[in-house]
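Report on the following structure.
Protein chains: 2
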Amino acid sequence: MSADKIIVIGHKSPDTDSICSALGYAAYKQAQGVNAEAGMTAEPNKETMFALEKFGVVAPELVTSVPAKQKLILVDHNEEGQAVDGMRDAEIVEIIDHHRLGGISTASPLFVHIEPVGCTSTIIANMFWKNDVKMSTSVAGLLLSAILSDTVLFKSPTCTQQDKDTAAKLAEEACVDLKEYGMAMLKAGAGIDGMTPEQVADTDLKAFEFGTVKAIISQISVMDPQEVLDIKADLLAAMKANCQAKGVELALLMVTDIMNESTHLLVAGEPQDLVAKAFAKPVEDSCVYLPGVMSRKKQIVPPMTEAAK
Amino acid sequence: MSADKIIVIGHKSPDTDSICSALGYAAYKQAQGVNAEAGMTAEPNKETMFALEKFGVVAPELVTSVPAKQKLILVDHNEEGQAVDGMRDAEIVEIIDHHRLGGISTASPLFVHIEPVGCTSTIIANMFWKNDVKMSTSVAGLLLSAILSDTVLFKSPTCTQQDKDTAAKLAEEACVDLKEYGMAMLKAGAGIDGMTPEQVADTDLKAFEFGTVKAIISQISVMDPQEVLDIKADLLAAMKANCQAKGVELALLMVTDIMNESTHLLVAGEPQDLVAKAFAKPVEDSCVYLPGVMSRKKQIVPPMTEAAK
Numbered sequence: 000m001s002a003d004k005i006i007v008i009g010h011k012s013p014d015t016d017s018i019c020s021a022l023g024y025a026a027y028k029q030a031q032g033v034n035a036e037a038g039m040t041a042e043p044n045k046e047t048m049f050a051l052e053k054f055g056v057v058a059p060e061l062v063t064s065v066p067a068k069q070k071l072i073l074v075d076h077n078e079e080g081q082a083v084d085g086m087r088d089a090e091i092v093e094i095i096d097h098h099r100l101g102g103i104s105t106a107s108p109l110f111v112h113i114e115p116v117g118c119t120s121t122i123i124a125n126m127f128w129k130n131d132v133k134m135s136t137s138v139a140g141l142l143l144s145a146i147l148s149d150t151v152l153f154k155s156p157t158c159t160q161q162d163k164d165t166a167a168k169l170a171e172e173a174c175v176d177l178k179e180y181g182m183a184m185l186k187a188g189a190g191i192d193g194m195t196p197e198q199v200a201d202t203d204l205k206a207f208e209f210g211t212v213k214a215i216i217s218q219i220s221v222m223d224p225q226e227v228l229d230i231k232a233d234l235l236a237a238m239k240a241n242c243q244a245k246g247v248e249l250a251l252l253m254v255t256d257i258m259n260e261s262t263h264l265l266v267a268g269e270p271q272d273l274v275a276k277a278f279a280k281p282v283e284d285s286c287v288y289l290p291g292v293m294s295r296k297k298q299i300v301p302p303m304t305e306a307a308k
Numbered sequence: 000m001s002a003d004k005i006i007v008i009g010h011k012s013p014d015t016d017s018i019c020s021a022l023g024y025a026a027y028k029q030a031q032g033v034n035a036e037a038g039m040t041a042e043p044n045k046e047t048m049f050a051l052e053k054f055g056v057v058a059p060e061l062v063t064s065v066p067a068k069q070k071l072i073l074v075d076h077n078e079e080g081q082a083v084d085g086m087r088d089a090e091i092v093e094i095i096d097h098h099r100l101g102g103i104s105t106a107s108p109l110f111v112h113i114e115p116v117g118c119t120s121t122i123i124a125n126m127f128w129k130n131d132v133k134m135s136t137s138v139a140g141l142l143l144s145a146i147l148s149d150t151v152l153f154k155s156p157t158c159t160q161q162d163k164d165t166a167a168k169l170a171e172e173a174c175v176d177l178k179e180y181g182m183a184m185l186k187a188g189a190g191i192d193g194m195t196p197e198q199v200a201d202t203d204l205k206a207f208e209f210g211t212v213k214a215i216i217s218q219i220s221v222m223d224p225q226e227v228l229d230i231k232a233d234l235l236a237a238m239k240a241n242c243q244a245k246g247v248e249l250a251l252l253m254v255t256d257i258m259n260e261s262t263h264l265l266v267a268g269e270p271q272d273l274v275a276k277a278f279a280k281p282v283e284d285s286c287v288y289l290p291g292v293m294s295r296k297k298q299i300v301p302p303m304t305e306a307a308k
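The listed protein sequences correspond, in order, to chains A and B. Here numbering that gives the first Met the number 0 is used: position 96 in the first sequence is 95, and no number is missing along the way. Here numbering that gives the first Met the number 0 is used: position 208 in the second sequence is 207, and no number is missing along the way.
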């Protein structure tokens, strides 16, 4: 990237908002004659790739560190620990964000716009509109994708009316059906495409002890649980192999349905009646369906602990 | 102040912007149905009092510390060291400012609007206009006063075109002549009214050594230097008394003319030819007129040091 460019960049481990808001804000600044260009701290995830491809936009340049005095616009973060390497000695000229204040101090006055909404791209879309800056169809699509991602299709508790209104307007400008596109994008990011049953069974695996019972609990969060349940036999085999390999008696796999806010809990090993007791439901065909359950820490471990007493 | 109110408050040692932007932003929030009220960390200075009286506004409530969890809107600052006592355990819900980022971190997302303009009140006036919130004549007058103060009637290097445009619009709404009112307000704040010659001679006094010469240099910045020069004989007497009291040979008093960006340098004690050499000008009637000189640190001390070599 040429040295006199201002780099617009999101946080490390970028999500869809961090990459799309960088692209959107760079377009906004360029439209005002500013020599700005989007960067990204790491490769886009599957969900973001889906959005970029849908709207025909090339991913930003990979920027893993910046030289001293590099002019930066931070989007979707304002904490040094989350920022691109070298940020401390760079010059932050603007911050557009929707998080808490993260303790950054700067040498000089700058432009900071932080709002407690569900997504940075909500703020940026409204800056386009308030200041009568023309927004391309592809930028509208990217900003929309970020809102749908950050608010999990408006289901997140962080989602505000402003996010919903902004997304509706962006969907019109981007010529997509909001719900249909949102489901497709989230599904692209939260599927098991290309994963082996063993990889699925190992996702986010943690070990626990319930009374005298040693157990492991994994969790995979998906848009389409049926896709996972379709390979249940293979998953149970992988879970049993895990029990042997790790010397535990019980293996649980939470197949969490993001959209329906529920979990299909797969059960391998013994004692299965401990699971039945914990959730006051029989284990049928190695599975218990748990509506409303999303959190291992808050909704699986405590009843299992209680049942083992 | 009632416990459920949001307090809008500026920095410690409040200047005109800190008090007027608090009053202006409280009015802005109230117009939107928010239970907000302005506070101030200390009594207004003479300049601010002049503005409050001119527009018939009562000073905000004195708030020297706030209880834990008090909801705060910070205006004209964003550093803990400058904030009202108790800020750390309060809840900052908004920040409106024109300074550098000062390292505050918060527990939750909030609304932050910082712009690199000359005055917080410039930002607030534009929020009224952008969001079609009706502004009273008195609020227009207060916001105008803050801009004229912070930019020293547009002479400060921090002044932007936006400050000038905003002030012009506010002057119309407040029905005052911008320049005439600005001069009167600055003069009210930067006069020697009620000060003894000794107090004037002691203003911001610092000690120096130039070669073998021990000296003291004071500085008073005023709108109307003639008002100070009118009591020159008394000032010189006070300066000579200072020389004796402090055991130094030379006393200088910078009478700095804010508007004309110049300094009348009064000289008491000896050697007067050191002063003449430093500024390549004769000391006439115990005075040297120095156009363009405003800074003791940058424009008085270095030539005096050089002349003493």
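Even glycine gets a Cβ: it sits at the ideal position worked out from N, Cα and C.
Checklist entry - Using 8 Å as the limit for Cβ to Cβ distance, is SER107(B) near chain A? => result With 8 Å as the cut-off, SER107(B) counts as an interface residue toward chain A.
Checklist entry - Just how far apart, CA to CA, sit SER17(A) and ILE123(A)? => result Taken atom to atom, the span from the alpha-carbon of SER17(A) to that of ILE123(A) is near 12 Å.
Checklist entry - Closest to LEU71(B) by CA distance: which of SER137(B), ILE6(B), THR63(B), VAL300(B) is it? => result When only C-alpha atoms are compared, the closest one is ILE6(B).
Next on the checklist: I want to verify the contact list: residues of chain B whose CB lies under 7 Å from the CB of HIS97(A), in sequence order.
Outcome noted: Near HIS97(A) (Cβ distances below 7 Å), the residues of chain B are PRO108.
Checklist entry - Exposed or buried, which one is GLY55(A) when buried takes at least 16 other CB atoms within 10 Å? => result GLY55(A) is classed as exposed because its beta carbon has fewer than 16 other beta carbons within 10 Å across all chains shown.
Checklist entry - Just by C-beta distance, which residues in the region 109 to 124 of chain B are closer than 7 Å to chain A? => result Listed by position, the residues of the region 109 to 124 of chain B near chain A (Cβ gap below 7 Å) are LEU109, PHE110, VAL111, HIS112, ILE113, GLU114, PRO115.
Checklist entry - What residue ranges within the region 111 to 152 of chain A form continuous alpha helix (DSSP H) runs of no fewer than 4 residues, ordered along the chain? => result Segments of the alpha helix (DSSP H) lying fully in the region 111 to 152 of chain A: 119 to 129, 136 to 149.
Next on the checklist: Using beta carbons (cut-off 8 Å, strictly below), is GLY102(A) in contact with chain B?
Outcome noted: True, the Cβ-Cβ gap to chain B drops below 8 Å.
Next on the checklist: Excluding the 5 residues flanking MET328(B) on each side, which residues of the same chain have their C-beta closer than 7 Å to its C-beta?
Outcome noted: Because chain B is modelled from 0 through 308, residue 328(B) falls outside the range shown and cannot be assessed.
Checklist entry - Straight-line CA distance for ASP96(B) to ILE146(B)? => result Approximately 13 Å between the Cα atoms of the pair.
Item to check | Proximal residues, the region 68 to 96 of chain B versus chain A, C-beta separation under 7 Å | outcome: Look at the region 68 to 96 of chain B: it has no residue with a C-beta under 7 Å from a C-beta of chain A.
Checklist entry - Going by the CB atoms, is the gap between VAL138(A) and ILE191(A) shorter than 8 Å? => result Taking 8 Å as the cut-off, the beta carbon of ILE191(A) is found no closer than this to the beta carbon of VAL138(A).
Checklist entry - What is the DSSP secondary structure of LYS205(A), reduced to helix, strand or coil? => result LYS205(A) falls in the strand class under three-state DSSP.
Next on the checklist: Let me confirm a value: ALA82(A) is counted as buried when at least 16 other C-beta atoms fall within 10 Å, else exposed. Which label applies?
Outcome noted: It is buried - the Cβ of ALA82(A) has at least 16 other Cβ atoms within 10 Å.
Item to check | Short CB-CB distance (under 8 Å) between LYS323(B) and chain A | outcome: Outside the shown range of chain B, which is 0 to 308, sits residue 323(B), and nothing can be said about it.
Checklist entry - Closest Cβ-Cβ distance between LYS28(B) and chain D: below 8 Å? => result Looking at the structure shown, chain D is missing, and the protein chains on hand are A and B.
Item to check | Coarse secondary structure for LEU264(A), derived from DSSP in three states | outcome: Note: LEU264(A) maps to strand in three-state DSSP.
Checklist entry - To the nearest angstrom, how far is it from the Cα of ASP149(B) to the Cα of GLU179(B)? => result Rounded to the nearest whole angstrom, the C-alpha separation of ASP149(B) and GLU179(B) is 16 Å.
Checklist entry - Should ASP14(A) go down as buried or exposed, given a rule of 16 or more other Cβ atoms within 10 Å for buried? => result With 16 or more other Cβ atoms within 10 Å, it is buried.
Item to check | DSSP state of ILE95(B) mapped onto helix, strand, coil | outcome: Strand.
Item to check | Residue nearest to ILE94(A) in terms of C-alpha spacing, selected from GLY101(A), ASN77(A), MET86(A), THR105(A) | outcome: The residue with the shortest Cα to Cα distance from ILE94(A) is ASN77(A).
Next on the checklist: In this structure, how does DSSP classify GLY38(A) when only helix, strand and coil are distinguished?
Outcome noted: Here GLY38(A) sits in strand by DSSP.
Next on the checklist: To the nearest angstrom, how far is the alpha carbon of VAL247(A) from that of ASP233(A)?
Outcome noted: Their backbone Cα atoms lie some 19 Å apart in a straight line.
Checklist entry - So what's GLY101(A) in DSSP terms, helix, strand or just coil? => result In the structure shown, GLY101(A) sits in a strand (DSSP, three-state: E or B).
Next on the checklist: Could you compute how far the alpha carbon of VAL311(A) sits from the alpha carbon of ALA173(A)?
Outcome noted: The requested residue 311(A) does not occur in the structure, where chain A is confined to residues 0 to 308.
Item to check | Rounded C-alpha distance that separates CYS242(B) from LYS308(B) | outcome: Rounded to the nearest angstrom, the gap between the Cα atoms of CYS242(B) and LYS308(B) is 22 Å.
Item to check | Residues bridged to ASP256(B) (per DSSP) | outcome: In the DSSP output, where bridge partners are listed per residue, ASP256(B) has VAL221(B), SER261(B).
Checklist entry - Does the region 149 to 166 of chain A come close enough to the region 43 to 57 of chain A that 3 or more CB-CB pairs lie under 8 Å? => result When Cβ pairs closer than 8 Å are counted between the two stretches, the region 43 to 57 of chain A is seen not to touch the region 149 to 166 of chain A, the count staying below three.
Checklist entry - LEU73(A): which of MET182(A), ILE103(A), THR304(A), PHE127(A) sits nearest, CA to CA? => result Of MET182(A), ILE103(A), THR304(A), PHE127(A), the residue nearest in Cα terms is ILE103(A).
Item to check | Run of the alpha helix (DSSP H) containing ILE18(A), from where it starts to where it stops | outcome: Its alpha helix (DSSP H) spans residues 15 to 30.
Checklist entry - Does the Cβ-Cβ distance between GLY38(B) and LEU141(B) come in under 8 Å? => result Between GLY38(B) and LEU141(B), the C-beta spacing is not below 8 Å.
Checklist entry - By the 10 Å Cβ neighbour count, where 16 or more other Cβ atoms means buried, how is PRO281(A) classified, buried or exposed? => result PRO281(A) comes out exposed.
Next on the checklist: Applying the 10 Å Cβ sphere with the 16-neighbour rule, what's the burial state of LEU61(A)?
Outcome noted: So LEU61(A) ends up on the exposed side.
Item to check | Short Cβ contact (8 Å threshold) for LEU265(B) with PHE278(B) | outcome: No, the Cβ-Cβ distance between LEU265(B) and PHE278(B) is not below 8 Å.
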